[in-house]
């Protein structure tokens, strides 16, 4: 079930009404209703993989209690390893087995031997990377004595499988979300209205921005050998807007939906394309995943402390693992390595936390220096996204090679102009301009429209809301699956 589908448009209000008007007096019934709704939501994709979600939930619930109650450190570590190895084992089989098998066969072939390696004819269970990391963070926090294990199986199950975040995050922490699920909730009108506003903006980012940009990006990437220079750069730029609108749009819908039920989820995006360096970009992009790797991998490895070689090692480990988390393809590993190269000079020089505050805070426009920094950072991100989007490493390298072919020739600009005239006209550039200006005006907020109710008269607010709703129906691109569902 997709957030931008008719099915979800029927599912959400039904669950909302039952939650607040049918079982509102019982916390246990509220949680049971949300758990049942979450399992139904997941089953709509493929009910056969529901057992994996349930098994992972039971495993981490049980091992969490065993870790807490163990009498010695050795026992605690044993139960932790049972959880980690089992969780990563399932993730490895479903997500990475075919990749390793094919890579092994290819390596053996290069040595002159032939290897017949069996592959698995299975599809990747949607959301497995996300709910696996939910459970792992829970047992890690228990092992590190940051939290006590939950003794309420329903509450814990809901924490793992809450439908707004189940298939594409944000990756929640038990320290943040589980306490919200174990205390009574009452309807908060302001919170619900704010949630609806965030859902509306998330739908605009997905349906109007991401889906329109996807059509252009797909045209360029799928026929990249037919284009050169500026047209290929445009393809990279439109994919950058596609993946941002797609994933941050999903996150906005997820956070807004959770607010309808009285929950506050972790923020996952903080206007990353307004970053002044790549370190700031990674503090603002997919925040829940970046912070997960920081807390459970980067800091235990030593972080940015110690010798230069140790810093280099840690940076490469975290970005290569992050790239591999996204998918079993060398393109994602190359994407991670490229971002590691981007950020290394800042880490080594100790300047990776130079830009903490929001750019141009309290000002309408950025300075020339800030604008140049944002443009450079965006350019670096776009270049890296080429590897993320490409079908293979060969495709990515050929794309980059063609991109620099005749880049400054007049024919390259004529080709790009012809491409734009025949694929997008003026509508999509104007929509992108409105989108960027709206995001810029709301960059000091949690999401772009958060303070609209306080800044503008009611007539202007509702005119804007209705304009967004109209754009969803009349200016949306062809329906595209959310990119991060494949991870």
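Numbering (the working numbering), first residue to last: 1 to 487.
Think of the CB as a built atom: it goes at the ideal place given N, C-alpha and C, for glycine as much as any other residue.
A distance below 7 Å between beta-carbons, with the five flanking residues on each side excluded, links residue 70 to the following residues of its chain, in chain order: 76 and 79. For residue 83 against residue 158, the beta-carbon gap comes to about 19 Å, at or over 8 Å, which does not count as contact.
Every unbroken stretch of the alpha helix (DSSP H) spanning 4 or more residues and falling wholly within the region 114-186 is given here in chain order: 128-143, 153-161 and 174-181. Judged by beta-carbon spacing, residue 287 lies within the 8 Å limit of residue 268, meaning their Cβ atoms are closer than that value.
Residues of the same chain with a CB within less than 8 Å of the CB of residue 141, apart from the 5 flanking positions on each side, are 147, 173, 174 and 175 in chain order. Burial state of residue 85 is exposed, judged by a 10 Å Cβ sphere holding fewer than 16 other Cβ atoms. The C-alpha of residue 375 lies about 10 Å from the C-alpha of residue 277.
Between the region 362-370 and the region 188-197, the count of C-beta pairs closer than 8 Å stays below three; the two stretches do not touch. Contact holds between the region 253-262 and the region 12-23, because three or more Cβ pairs, one in each stretch, are under 8 Å apart.
Close CB contacts of residue 207 within its chain, under the 6 Å cut and outside five residues either way in sequence, are with 4, 472 and 476 (chain order). Taking the Cα positions, residue 442 is about 6 Å away from residue 449.
Around residue 331, the same chain offers 387, 388, 390, 392, 393 and 396 as residues with beta carbons nearer than 7 Å, after the five sequence neighbours per side are excluded. Of all C-beta pairs linking the region 222-239 to the region 160-172, fewer than three are shorter than 8 Å, placing the two stretches out of contact. Each residue's CA atom was taken as its position, placing residue 72 and residue 61 some 19 Å apart. Proximity to residue 201 across 150, 179, 254 and 151 peaks at 254, based on C-alpha coordinates. Looking at the backbone, the Cα of residue 379 and that of residue 445 are separated by about 24 Å. With respect to the 8 Å criterion, residue 333 and residue 324 are classified as neighbours on the basis of their beta carbons.
Between the alpha carbons of residue 9 and residue 249 lies a distance of about 16 Å.
Burial state of residue 181 is buried, judged by a 10 Å Cβ sphere holding 16 or more other Cβ atoms. Residue 27 has its alpha-carbon roughly 7 Å from the corresponding atom of residue 183. Straight-line spacing of the CA atoms in residue 31 and residue 156 works out to 10 Å. In its chain, beyond the 5 residues on either side, 133, 137 and 171 have a beta carbon closer than 7 Å to the beta carbon of residue 292. Of the candidates 95, 203, 7 and 275, the residue whose Cα lies closest to the Cα of residue 377 is 275.
Taken atom to atom, the span from the alpha-carbon of residue 215 to that of residue 233 is near 15 Å.
The DSSP-derived three-state label of residue 223 is coil. Excluding the 5 residues flanking it on each side, residue 329 has no same chain C-beta neighbour closer than 6 Å. Per DSSP, the continuous alpha helix (DSSP H) segment holding residue 259 begins and ends at 229-260. Straight-line spacing of the CA atoms in residue 282 and residue 438 works out to 22 Å. Restricting attention to 357, 459, 23 and 272, the CA atom closest to the CA of residue 187 is found in 23.
Annotation for residue 295: no residue places its beta carbon closer than 7 Å to its own, counting only its chain and skipping 5 residues before and after. Burial check for residue 478: the Cβ neighbour count within 10 Å stays below 16, so the residue is exposed. Following the DSSP letters along the chain, one finds residue 313 inside the alpha helix (DSSP H) bounded by residues 308-326. Annotated as distal: residue 371 and residue 340, with beta-carbon spacing of 8 Å or more. If you check the CB distance, residue 122 and residue 485 do not come in under 8 Å.
Spanning the alpha carbons of residue 298 and residue 312 requires a straight line of approximately 12 Å. Burial is judged here by how many other beta carbons sit within 10 angstroms of a residue's own beta carbon; residue 427 has fewer than 16 and is exposed.
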